[in-house]
Ligand SMILES: [Zn+2]
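What follows is the structure, encoded as structure tokens:
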């Protein structure tokens, strides 16, 4: 990662406020990747595969942050 990209990424996290790490990652994803991820969840592709694919593409997320987000146990605003 370049310094410019790192600064951008950390700024996003610092300014993220009430969004969790998983949501911030979603926000930062290329739209085609986000679409692919949505499709993968809908198709019930195993989380292990999704997680590994995300990491291979350079997205930083963890099993824990996915679980917390999906169960509403994260700091995202709840409706
Ligand atoms: Zn969340």
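Numbering (our numbering), first residue to last: 1441 to 1519.
The beta-carbon is built from N, C-alpha and C at its ideal position, and this holds for glycine as well.
Taking 8 Å as the cut-off, the Cβ atoms of residue 1491 and residue 1503 count as close.
Distance from the C-beta of residue 1463 to the nearest heavy atom of ligand 1 is below 7 Å. In this structure, residue 1461 lies away from residue 1507, with their beta-carbon atoms at least 8 Å apart. Exclusion of the five residues before and after residue 1465 leaves 1499 and 1501 as the residues of its chain whose Cβ lies within less than 6 Å of its Cβ.
A straight line joining the alpha-carbon of residue 1475 with that of residue 1497 spans about 14 Å. Residue environment for residue 1477: buried (at least 16 other C-beta atoms within 10 angstroms of its C-beta).
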